[in-house]
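A.B. asks: First the structure, which I've put down as structure tokens, then a few questions once you've had a look.
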Amino acid sequence: MDGERYHALEEPTSLNTLELLPELMAANIASVKIEGRQRSPAYVSQVAKVWRQAIDRCKAAPQNFVPQRDWMETLGAMSEGTQTTLGAYHRKWQ
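Numbering-wise (UniProt numbering), the sequence shown opens with residue 1 and increments by one.
Here it is, written out as structure tokens:
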């Protein structure tokens with residue numbers, strides 16, 4: 001309504017781990033899963049593009065990697081709701 005997002009029950013929270021990329025790459029991850037099921041081709045294209053750029057930048061200089069503002073803005077615009085999380089990465093499980 002009036003250009004604002006409203007959620008009937010609870011505002012969804014989206015997982016965004018881009019800032020963890022140097023740690024993930026140091027752990028020798030082999031792949032990154034980008035959610036695509038129940039998403040539009042435009043969503044998948046934009047998110048994959050941001051992650052490809054970030055991975056390339058991180059590989060070139062992992063010690064200097066900082067997520068670019070435009071990457072975070074793109075991911076934020078594509079997420080559901082306005083909240084993002086790192087998931088269970090920085091907190092105890094259960």
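Glycine included, every Cβ here is placed at the ideal spot set by N, Cα and C.
Since this is a predicted model, take the numbers as computed values, not measurements.
Which runs of the alpha helix (DSSP H), 4 residues or longer, sit entirely within the stretch 9–55?
C.D. replies: Segments of the alpha helix (DSSP H) lying fully in the stretch 9–55: 21–26.
A.B. asks: Can you list, in chain order, the residues of its chain with a C-beta nearer than 6 Å to that of alanine 77? Leave out the 5 residues immediately preceding and following it.
C.D. replies: Indexing the sequence shown from 1 puts residue 77 at position 77. Excluding residues within five positions, none has a Cβ falling inside 6 Å.
A.B. asks: Sorted by chain position, which residues of the same chain lie with C-beta nearer than 8 Å to leucine 21's C-beta, five sequence neighbours on each side aside?
C.D. replies: Indexing the sequence shown from 1 puts residue 21 at position 21. Around leucine 21: Ala54, Ile55, Cys58, Phe65, Pro67.
A.B. asks: With glycine 3 as the anchor, note down where its alpha helix (DSSP H) starts and where it stops.
C.D. replies: Counting from one through the sequence shown, the residue named residue 3 turns up at place 3. Taken as a continuous stretch (DSSP letters only), glycine 3 belongs to no alpha helix (DSSP H), as it is neither H nor E.
A.B. asks: Would a C-beta distance cut-off of 8 Å place isoleucine 29 and tryptophan 51 closer than the cut-off?
C.D. replies: Reading the sequence shown from its first residue, position 29 is the one you call residue 29. Reading the sequence shown from its first residue, position 51 is the one you call residue 51. Result no, Cβ atoms of isoleucine 29 and tryptophan 51 do not sit closer than 8 Å.
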